[in-house]
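To start, the structure itself, in C-alpha cells.
There are 2 protein chains.
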Amino acid sequence: MSTLRLALAQVNPCVGDIAGNTALVLDRCRAAHEAGATVVAFPEMVVTGYPIEDLALRESFQRAAARATEEIAATLDAEGMGGLMVVLGTLGVSRAGLPFNQAVVITGGEVAARYNKHHLPNYGVFDERRIFAAGEDACVITAASSRIGIVICEDIWQDGGPVAQLAALDVDLLLVLNGSPFEEGKGRVRTDLARRRAAEVGAPLAYVNLWGGQDDLVFDGHSFIVAADGAWMANAPGFEDALLLWDAPEPGAAPVQGPVVDFASDAEQVYRACVTGLRDYVEKNGFRSIVLGVSGGIDSALTAAMAADAIGGERVVGVSMPSSFSSQHSRDDAADLCARIGADYRVQPIAPLVEAFQGELALEGVAEENLQARLRGVILMALSNKEGHLVIAPGNKSELATGYATIYDAGSIGGFAPLKDVDKSRVWELARWRNAHAEANGKTPPIPVSSIEKPPSAELRPGQTDQDSLPPYELLDEVLDAYVEHAEGRAELLARGFDEAVVERVLQLVDRAEWKRRQYPLGPKVTALAFGRDRRLPITNRWRELAE
Amino acid sequence: MSTLRLALAQVNPCVGDIAGNTALVLDRCRAAHEAGATVVAFPEMVVTGYPIEDLALRESFQRAAARATEEIAATLDAEGMGGLMVVLGTLGVSRAGLPFNQAVVITGGEVAARYNKHHLPNYGVFDERRIFAAGEDACVITAASSRIGIVICEDIWQDGGPVAQLAALDVDLLLVLNGSPFEEGKGRVRTDLARRRAAEVGAPLAYVNLWGGQDDLVFDGHSFIVAADGAWMANAPGFEDALLLWDAPEPGAAPVQGPVVDFASDAEQVYRACVTGLRDYVEKNGFRSIVLGVSGGIDSALTAAMAADAIGGERVVGVSMPSSFSSQHSRDDAADLCARIGADYRVQPIAPLVEAFQGELALEGVAEENLQARLRGVILMALSNKEGHLVIAPGNKSELATGYATIYDAGSIGGFAPLKDVDKSRVWELARWRNAHAEANGKTPPIPVSSIEKPPSAELRPGQTDQDSLPPYELLDEVLDAYVEHAEGRAELLARGFDEAVVERVLQLVDRAEWKRRQYPLGPKVTALAFGRDRRLPITNRWRELAE
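Protein sequence lines, in the order shown, are assigned to chains C and W. Heads up: the first sequence at position 523 corresponds to 523 in the numbering used here, and the numbers run straight through without jumps. Heads up: the second sequence at position 391 corresponds to 1391 in the numbering used here, and the numbers run straight through without jumps.
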C-alpha cells in the first residue's frame, strides 16, 4: 500500500486569463510530481480566476473553461504525469446549460470525477446564487488507497450538506478548495471551523486557498492541514506562492507533522493585504508604473511606501504639487519620502494654474479649496495620459466615509485606492509597523517620522487641521466601525455608551458624505464604503439613521 | 351582495423615505375611499421604496417599516376608513428575523393578512435572494364577497408556485403588486404574460406597478387589468400618477370595461423614461438645479432638453466652454439651444486655462486633447461647488462603450448620465421625436436642427469627426447591441453575418475602453456598461473575446 503524499498548490491566478491559469496549473503539477506527490490540489476556480461574476453566464467563456480542463488532462498524460491525481476548481456547465462552481478530478489523462459546490454564498461580497446552480451529490475519490472527500469553500461554513454526507461515507481525508478573502482575524475563525469539520468527518482536513488581489478583494492563502483531533499538521505562509507537501498517514495510523510557519501579526497581515491588492491591480491589468500626489502627509506617505513595496520604488512617480498654503515641512517630507523609497520625485507648483482659474472664476471658500485640490487631480491625469502611469488615490476610509475629501482631487481620482478600507487610526499603526519592520531588518524606514507625528492637515487654507472639522480620529474611527462595518443604528450606538453629540455628529457627517457622493459618484469602491465595503445600498435613498 | 370596486394606486415612492411614503399611501387611500373603492392596491414595497438592497438587513430600518404599517392601519381607522381594504407592499420580518418582500392586507384598523413573495428574482438588476427569504404560503382574502388571491411581481414570471396554488383555490381576482422596471418593448411581454396567468387562475388579473426613477432603474407604471379570457379591461398611462378604478363583476358575471388609454410609441416611452430617471435623481436627492456643458452637439442638446423637461429650463444652467478648435456654428447652436429651452446660458472660454496648464506641462496629442476636455470638467465642478447645481453628463452609450470619451471631462463627470443607456443612433431618433412632438403641440422644438444634422465631432483638434475613429454609428450600434446587450461572443457575431473586420474593430474598442476604465474607474453605471447595464463583471479581468 503506497502512501498518499498530498501537495496543496497555493497560487495566484488571474480572472479571465484561462490560458495563463492553465499554464500556472501545469507548472505546479510538474513541481508536485517532482516532489513525489500522489495528489495535487488547487484552490476554488483556479482555472478561471475567482470571483468571475457574470462571466460565468457567457457561453464563449464557458467553452474556453471546458477546453482548459481537457488541455490540462491531455498535457499531463503526454508528459508522463498521468498517474498524478489533480484536483482543481473551475467553471462547470450541466447538460442543461446551468453553470456550476466545480471541482474536477483529473487522472490518467481523463476527468475521473466532478463535484459541484452545494452551498453558494450570497451575502457580503458574494453573489453565487446569481450565477451558479447548486450541486447535490457528495464526491469521494480514491488515491493511494485513501478515500478523499472533496468540498468547496462555503460547503464547510454551513452546517449540513456535503460535509454531513461525507461524515457518513468513511473518508480518510477531507479536501477543501477555497477562494476565501482576507479579513482581519479571519485566520483564527477559519482554523477553528476547520477543526470542527475535521472532527465531524473523523479525518484530517486539508485547506487550500487562493492568494492575490482581485479588485476590492484580497485572498491571503494561508493554506493548512489539521488532523481529525484538531492537531496542527502543516501550513503555508500568507500572501505568497506555496506548495505545501504532507504525507497522509496510512488509514488508522497517527498523522505525521508537516512544515509549519508562524502567522504574521495583524498589522503585518493588513499591510501585506494592501500591498498585494495594489500589486495585483497593477500587474494583472498590465500597468507599468504608478503616479500619485505626495503632500508630505501620512496618507500619501503610507500609500507611496505600499506602492514601492508592491512594484518597486523605481516604478513609482511621486508628484509634489504645493500651493501657497503648503508648508515648507510638507515639501521637505514629500522629498524625503521619495528619496527613501527610491521614487521619481517631481515638483509641480499649482499657483500659476490656480491664478489662471481664479482670474476667470473668482471662487471663494470651499469652492476655492476644492479648485486647488482638483487642479492637482488634472495634473496627475495629464501625467498619466502622457506617460502611461496608473493614478492611485491615497484617500483613507475615515475621510472617505465622512466626506472629508474633495471629489476628483488627487486623493480620490484614479484606478485604485489602497487605503480605502483602512481607517486613519490604522493608517498611523501601519506606518509605524512598516518603519519598525525596516529597522528590524537593517533597512531605511520608508516613511519620514515627521509625516507620522505632525497633526493631519489638508493645507487648503492657512492653519487648517483635520480636527477643525472632525472628532478626534480615535473616537471617530470607533463610531464609524460600529456604524459602517457593523450596520448598527442610532439606538445601538447609544446603547454602546457613545456620547450622543458625537454619534449625531458622525452620523451627520456620513449622511452628508453620502449626499455629496450623489452629486458626483466616485465609483463602486467609494460609493459602497460608507456602509461597509461588503454592503450594497441604493444611491437615491432618503433613509436617515438620525430620524430613527 | 355589494360590488367590488378596485382601485390600483400607481405611485412613485422614494427609497428610504418611510415617512413620505406612508403619507403618500394615506393620501391615495383617501382618494380611493372618496371614489367609492372597496379595495385599494399599491405596488411592491411602496412603504420602503424599491429596490432597497441591503437596507433590508438593517434592523433600525426593519423597525421603521413595521411601525409604518401600524400607523397606516391606525390612521385609516381613526379617519373612518376602516372599512376600506388596503393591500400594500412593504418589508416584512419573520419571528426568526428573516426579511420578506411582503404584501400586507389592512382592514378594520388591523393587519388582516400577510403574503410573502415566493419567487425572488436574482438576475439582471435584481438581487433578492441576497436579502429576502422566500415565502411558501398562498394568500386569499375576501372583499365584497370576492375571493382575491395576492402575489408579487416575479411570482407571475415563473411557472409554478403561488399562481399554481391559487389556480386550485377558486379565486375571483388575481391581484399582482409590482416593481417592474422599464425596458423597451416590455409592456407587450408583460401583458401577454398577464393574460396567460389570468387564464391559468380563471379570473381577471389586476397589475399595479410603481413608476418613477431609482438610480439606474426607471419604473414605468402602465398598471392594467385583463379579464380571464384575456380581454383588456382597463389601464393607466405610463410615467405618471394614476388611480385606476374598476368595478369587478359579480362572481360568474361578465366583466365590465373600465378606462383605457393608448400606449405611447417606443421612442416616446424611452424619452419619458430618461426624463423620469433624471427628474427623480434630482428631486429625490434634493438637488435644486442642474449644470451641464453645452457644446452645440447633439448629445448635450438632447440632454439639456431632457433636463428642461425634467425640472424646467429655468433650473438648468448650460455652459459653453469653447476652445480654439470650437467652430462658430457650435457656439451659435449652444446659445440657440439654451434660448429654446429657457436655460441660463453662460460662456466660459477655456483658452486662458489651457494656456496656463500648457505653460507648465507642455502636453501634446491625446494628452493635450484630454486636458482641454478635463478643464471643462473642473469648470463645471467649480460652478457646482459655488452654486449647488447637480452636474450631469451627456455621454451616450456608444461612446462610453467604445471609450470614445475623455474620463473626467464634461461628458463623464457628475452624478447622473441620462443617455448612458441610449446609443448614438437612438440619440438622433429621440432628438427628432422630441422636436416633432413640440411641433405637433404648437411649441418651439427644443433642439436646434443643425445640432441634429451636422456630422458629430468632439472638436478637440482641427477638422476632427467621430468617424475618424469609429465605424459608422448605425453599424457600430448594431454590433454593440449584440455584443454588449446580448452577451454574444465573437463566434456568434460572425455567425450573424457581421463583417469580420468590423467585429474585430468593435471588440478591440470595447476591450480598450474597459482597460481605460481600469486606469480611472468612473462609477458603477459606466463600469458595468460595456457588457450591459444589468451585468456585473470583474474590473481586473483578462478575458478577451477576440482570443476565443
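Using N, Cα and C, we set each Cβ at its ideal position, and we do this for glycine too.
Is the shortest distance between the beta-carbon of R426(C) and the beta-carbons of chain W less than 8 Å?
No, R426(C) does not count as interfacial toward chain W.
Which of the residues in the region 1324-1349 of chain W, read from start to end, lie with their CB under 9 Å from any CB of chain C?
Within the region 1324-1349 of chain W, the qualifying residues are Q1348 and P1349.
So which of S300(C), A308(C), L292(C) and E314(C) has the shortest CA-CA distance to I392(C)?
For the residues S300(C), A308(C), L292(C) and E314(C), the minimum Cα distance to I392(C) belongs to L292(C).
Less than 8 Å between C-beta atoms, sequence neighbours within five positions excluded: which residues of the same chain meet that for I350(C)?
Around I350(C): M321, P322, S323, Q372, L375, R376 and I379.
Just to confirm the assignment, what range does the beta strand (DSSP E) spanning T1090(W) have?
Looking at the DSSP string, the run of the beta strand (DSSP E) that includes T1090(W) is M1085 to V1093.
Which bits of chain W does K386(C) rub up against, with CB to CB less than 7 Å?
The contacting residues are L1363 and A1367.
Between P1352(W) and chain C, is the shortest Cβ-Cβ distance under 8 Å, so that the two count as touching?
P1352(W) counts as touching chain C.
Please go through the same chain and pick out, in chain order, the residues whose beta-carbon is closer than 7 Å to the beta-carbon of V1427(W), but skip the five residues on each side of it.
Closer than 7 Å at the Cβ level, and outside the excluded window around V1427(W), lie I1298, D1299, L1302, N1396 and L1419.
From which residue to which residue does the alpha helix (DSSP H) around M1381(W) run?
Per DSSP, M1381(W) belongs to the alpha helix (DSSP H) from G1365 to E1387.
CA-CA distance, V256(C) and I225(C)?
Whole-angstrom Cα-Cα distance: 11 Å.
To be precise: take each residue of the region 1119-1152 of chain W, compare its Cβ to all Cβ atoms of chain C, and keep it if any distance is under 8 Å. Which residues remain?
If the cut-off is 8 Å between Cβ atoms, the region 1119-1152 of chain W has N1122, Y1123, D1127, R1129 and R1130 near chain C.
Leaving out five residues on either side along the sequence, give the residues of the same chain with a beta carbon under 7 Å from the beta carbon of G1161(W).
H1118, H1119 and D1155.
In the DSSP assignment, find the alpha helix (DSSP H) that holds R1196(W) and state where it starts and stops.
First-last of the alpha helix (DSSP H) with R1196(W): K1186 to V1201.
In three-state terms, what does DSSP make of M1306(W)?
Looking at M1306(W) - three-state DSSP - the assignment turns out to be helix.
Any chance you could list the alpha helix (DSSP H) runs of at least 4 consecutive residues sitting entirely within the region 1206-1257 of chain W, in chain order?
Segments of the alpha helix (DSSP H) lying fully in the region 1206-1257 of chain W: there are none.
Compare the C-alpha of L494(C) against each of E504(C), E485(C) and H486(C) and name the closest.
Of the listed residues, the one whose Cα sits closest to L494(C) is E504(C).
Can you find the residues in the same chain that come closer than 6 Å, C-beta to C-beta, to Y1408(W), ignoring five residues on each side of it along the sequence?
Correct list, in chain order: R1374 and G1377.
Could you tell me the boundaries of the beta strand (DSSP E) in which Q348(C) lies?
Element bounds for Q348(C): n/a, residue is neither H nor E.
For G1388(W), which residues from the same chain have a beta carbon less than 8 Å from its beta carbon, with the 5 sequence-adjacent residues on both sides left out?
So the list reads F1287, R1288 and S1289, once near-sequence residues are dropped.
Any C-beta of chain C sitting closer than 8 Å to the C-beta of R1490(W)?
R1490(W) counts as touching chain C.
What are the residues in the region 1161-1195 of chain W lying within 8 Å of chain C by C-beta distance?
Listed by position along the chain: nothing, the set is empty.
With 8 Å as the threshold, decide whether the Cβ of N370(C) is near any Cβ in chain W.
Yes, N370(C) counts as interfacial toward chain W.
Under the rule that 16 or more other beta-carbon atoms within 10 Å means buried, what is A1064(W), buried or exposed?
By the 10 Å Cβ count, A1064(W) comes out buried.
Return helix, strand or coil for A31(C), following the three-state DSSP convention.
A31(C) falls in the helix class under three-state DSSP.
Take T1465(W) and list the residues in its own chain whose beta-carbon comes closer than 7 Å to its own, dropping the five residues that flank it on each side.
Here the set comprises P1455, P1456 and S1457.
Classify D1332(W) as helix, strand or coil using the three-state DSSP reduction.
Looking at D1332(W) - three-state DSSP - the assignment turns out to be helix.
Going by the beta-carbon positions, is the gap between G1202(W) and A1168(W) smaller than 8 Å?
No, these two residues do not count as a Cβ contact at 8 Å.
Suppose you measure from the CA of L1008(W) to the CA of T1048(W); what does that come to, to the nearest Å?
About 18 Å.
Just to confirm, is the Cβ distance from L480(C) to A401(C) under 8 Å?
Yes.
What are the residues that DSSP puts in a beta bridge with Y1115(W)?
A1103(W), per the DSSP bridge assignment.
With a threshold of 8 Å, are at least 3 pairs of Cβ atoms found where one atom belongs to the region 244-261 of chain C and the other to the region 307-322 of chain C?
Taking 8 Å as the limit for Cβ pairs, the verdict is that the region 307-322 of chain C does not touch the region 244-261 of chain C.
With burial defined as no fewer than 16 other Cβ atoms inside 10 Å of the residue's Cβ, what is the status of H1486(W): buried or exposed?
So H1486(W) ends up on the exposed side.
With C-beta atoms as the reference, is L1084(W) less than 8 Å away from L1076(W)?
Cβ distance < 8 Å, so L1084(W) and L1076(W) count as in contact.
Looking at C-alpha atoms only, which residue of G1135(W), G1036(W) and I1018(W) is the closest neighbour of V1163(W)?
The residue with the shortest Cα to Cα distance from V1163(W) is G1135(W).
Would you mind giving the Cβ-Cβ distance between P1448(W) and D1333(W), rounded to the nearest angstrom? I have them listed as a contact below 8 Å.
Between D1333(W) and P1448(W) the Cβ distance is about 5 Å, and since that is below 8 Å, they are a contact.
Starting from A1096(W), trace the beta strand (DSSP E) both ways and give me its first and last residue.
A1096(W) -> no beta strand (DSSP E), and no H or E assigned at all.
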